[in-house]
Every structure is written in C-alpha cells, then in structure tokens.
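Numbers 91 to 334, taken from the numbering used here, label the letters of the sequence shown in order. A virtual CB, placed ideally from N, CA and C, is assigned to each residue, including glycine. Here the structure is a predicted model, which means the values were calculated and not measured. What follows is one structure encoded as structure tokens, with my remarks underneath.
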Amino acid sequence: MNKLKFALIGTGGIAQTYAQAFQTSDCCFLVAVADINRDSATAFAEPFGAQSFSDYKSLAENVEFDAVIISTPPNSHPEIATYFMNRGVHVLCEKPLCLTVAEARQMIECAEKADVKFTMASKFRYVEDIVKAKSMVASGVLGEVVQFENAFTAKVDMSKRWNSDSEISGGGVLMDNGTHSVDIIRYFLGAIVEVLAVETSGTQNLSVDENVKLLARTKTGVVASVDLTWGINKELPNFISVYG
Numbered sequence: 091m092n093k094l095k096f097a098l099i100g101t102g103g104i105a106q107t108y109a110q111a112f113q114t115s116d117c118c119f120l121v122a123v124a125d126i127n128r129d130s131a132t133a134f135a136e137p138f139g140a141q142s143f144s145d146y147k148s149l150a151e152n153v154e155f156d157a158v159i160i161s162t163p164p165n166s167h168p169e170i171a172t173y174f175m176n177r178g179v180h181v182l183c184e185k186p187l188c189l190t191v192a193e194a195r196q197m198i199e200c201a202e203k204a205d206v207k208f209t210m211a212s213k214f215r216y217v218e219d220i221v222k223a224k225s226m227v228a229s230g231v232l233g234e235v236v237q238f239e240n241a242f243t244a245k246v247d248m249s250k251r252w253n254s255d256s257e258i259s260g261g262g263v264l265m266d267n268g269t270h271s272v273d274i275i276r277y278f279l280g281a282i283v284e285v286l287a288v289e290t291s292g293t294q295n296l297s298v299d300e301n302v303k304l305l306a307r308t309k310t311g312v313v314a315s316v317d318l319t320w321g322i323n324k325e326l327p328n329f330i331s332v333y334g
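Have a look at this one:
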C-alpha cells in the first residue's frame, strides 16, 4: 500500500496531537511543515525528516504531497484551505472551520469545484466510547431516544489565548467546544433543525462567551441539551447521556 503524503500548516498545541498520530500511523506520513515561526516549523519537522517552511505557499510550491492538515487559528482557514484546494490538494481543516456561514459555503463550493476531499477535524466520531455508544443507540436497546445531553464543563484560563479573541476565533466556548457538541448531536441523532443558545455570566471577564446553554431540536424530534463552560468547575458523571 502506498502511504499518503501529508503536509501540516501550523505547529500550535493541536498540532502535537497530529504528531503523535503520524508517529504510529501505517497509512500516511508527514513530508512538510509550515509555520510563521520558522524555528517552530523546523523543530516540529525534524523528527519526521520532513521539510520546513515559514510560508504555506512556499511549501506548496516546493513539495509533492497528497493532502494537507490546517491547524492554524480559524480566521486563517478559508484563505489557506481554498489555496490548497485550488491546487488539487485534499484538505483536513481543524475546527472551528471558519468564522461565518458565508465562509463555510465558499470553502465547500471550492472543494466541489476542485473535486477534492474536504472535511473538518471532528474527532469524537472516532473515539472508541462514542462509537460504542452510537452502536448501542442504533441497536434499539434503549428504545426510542427521548433526551440527549452533552457537556464540556471545565475551568480553563482563556485570558491569554487566541480563542478568547473574537476577531481570530469568531466567538468563545460555543465556537470552540460547541463545534464538537453540534457534531456529536448530528452523529447520534441526525440533522438539527432548530437551535436556542443562551449565554450566562462568566468569571474571567472575557470579550467572548464563556458559559453557554444550548438546546437543539433534531429532525427526528429529539431535543438535545448542551452545557458549555470555560469558567466553572462543574463535575458531571458523563459528558454524553442518552435517555430512551
């Protein structure tokens, strides 16, 4: 089997997870890394014998590869993703995908026009416990699902992270962790047709939402409730609960 050649753009925190995956993968390998901090790109690339660049366009022009992972902040995703798709490169883009619906549609249209694979990194669909839970629900052992709950609740200092800068992130905890919640709901219950999100007061004096309650009604009629926070130590027995 020919291994897929990957490039990676951005060497921030989430990129370390991809590094671990490449170290154990038998289907793909890393051939190039780009980051605006060239030293960071070089340090990241060295263990893999990959090339390093300070500019993603220079990487694209000098290296042959099959697909690219974009792990930069979300305000840069549309520009970088469409650049690679227009070059015929498959794209795996970190979440949140972008800042607006219009940008998301532009990216999807670009992928369709270029006839390339394009997806957002929705990791929970591949977590073993989640897959098993989905299988149980699908088996009918719970009967008809009547309620679904999801929570990402932990106190995290976001005051010095780009996630709390709306011009970079597009929002707060709803954009950051809520992206996972929406995908989890769709994975278990199907399409969402109606949503209600309410922001509650925070403790970190952020300019973005820090605590959010979300209700989502699916096409099947099931209502999912989501609890999202960066500011409250709220221990719960499960981060997903399904009632039938």
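One thing to note: L182 has its Cβ within 8 Å of the Cβ of T209. Here G268 is not near V227, since their CB atoms are 8 Å or more apart.
The three-state reading of DSSP puts L264 in helix, counting H, G and I together. About 4 Å separates the beta carbon of A97 from that of A122, a gap short enough to meet the 8 Å contact definition. By the neighbour-count definition (other C-beta atoms within 10 Å, threshold 16), V288 is an exposed residue. With contacts defined by Cβ atoms closer than 8 Å, A223 and L279 do not form a contacting pair.
By the neighbour-count criterion, in which 16 or more other beta carbons inside 10 Å mark a residue as buried, W252 falls on the exposed side. Non-local C-beta neighbours of V236 in its own chain, meaning closer than 8 Å and more than five positions away in sequence, comprise V312, Y333 and G334, ordered along the chain. Excluding sequence positions up to five before and after Y216, its CB lies less than 8 Å from no other CB in the same chain. Beta-carbon to beta-carbon, E284 and G292 are separated by about 26 Å, too far to satisfy the 8 Å threshold. Segment contact: the stretch 142 to 156 against the stretch 165 to 180, three or more CB-CB distances shorter than 8 Å; contact assigned. Across the set G260, H270 and E199, the C-alpha of E199 shows the shortest separation from the C-alpha of K207. One thing to note: G321 has its Cβ within 8 Å of the Cβ of K245.
Membership of A105 in the alpha helix (DSSP H) is indicated by the continuous run A105 to T114. A check of alpha carbon separations from T290 across L264, S254 and R195 identifies L264 as the nearest. Taking the C-beta atoms as reference points, M197 is found no nearer than 8 Å to P164. Between L120 and A140, the gap from beta carbon to beta carbon is short of 8 Å.
In this structure, T243 keeps its C-beta atom at 8 Å or more from the C-beta atom of K185. With 16 or more neighbouring CB atoms inside 10 Å of its own CB, A131 falls in the buried class.
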